[in-house]
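Heads up, the sequence shown is in numbering that gives the first Met the number 0, so the first residue is 0 and it goes up one at a time.
Each residue gets a CB set at the ideal place from its N, CA and C atoms; glycine is no exception.
All values reported here derive from a predicted model rather than from experimental measurement.
Worksheet: the structure to be examined is printed underneath.
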Amino acid sequence: MTSKANKITSGYPLILNYLGIFAILIGIINLFPLIVLAFYPEELDQALFFVVPGIITILIGLL
């Protein structure tokens, strides 16, 4: 029970790991304008322009 999980501590895997986290955060930030839809429901047709890039960026970050 003393085995430890392999942790990435240096090199390109570490850089790619942080780039993935950064991409996920950018995707979440890209979804923030959707909160405005609660106050302006007539702008619902514009939501697609935020949802698609936000979800794609989050999925890329999860790779």
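Annotation: F49 to K6 spans about 34 Å, alpha carbon to alpha carbon. With 16 or more other Cβ atoms from the protein chains shown falling within 10 Å of its own Cβ, N29 counts as buried. Bounds of the alpha helix (DSSP H) holding T56 are L47 to L61. Using a C-beta cut-off of 8 Å, the segment 6-18 makes no contact with the segment 35-50, since fewer than three inter-stretch Cβ pairs fall below that distance.
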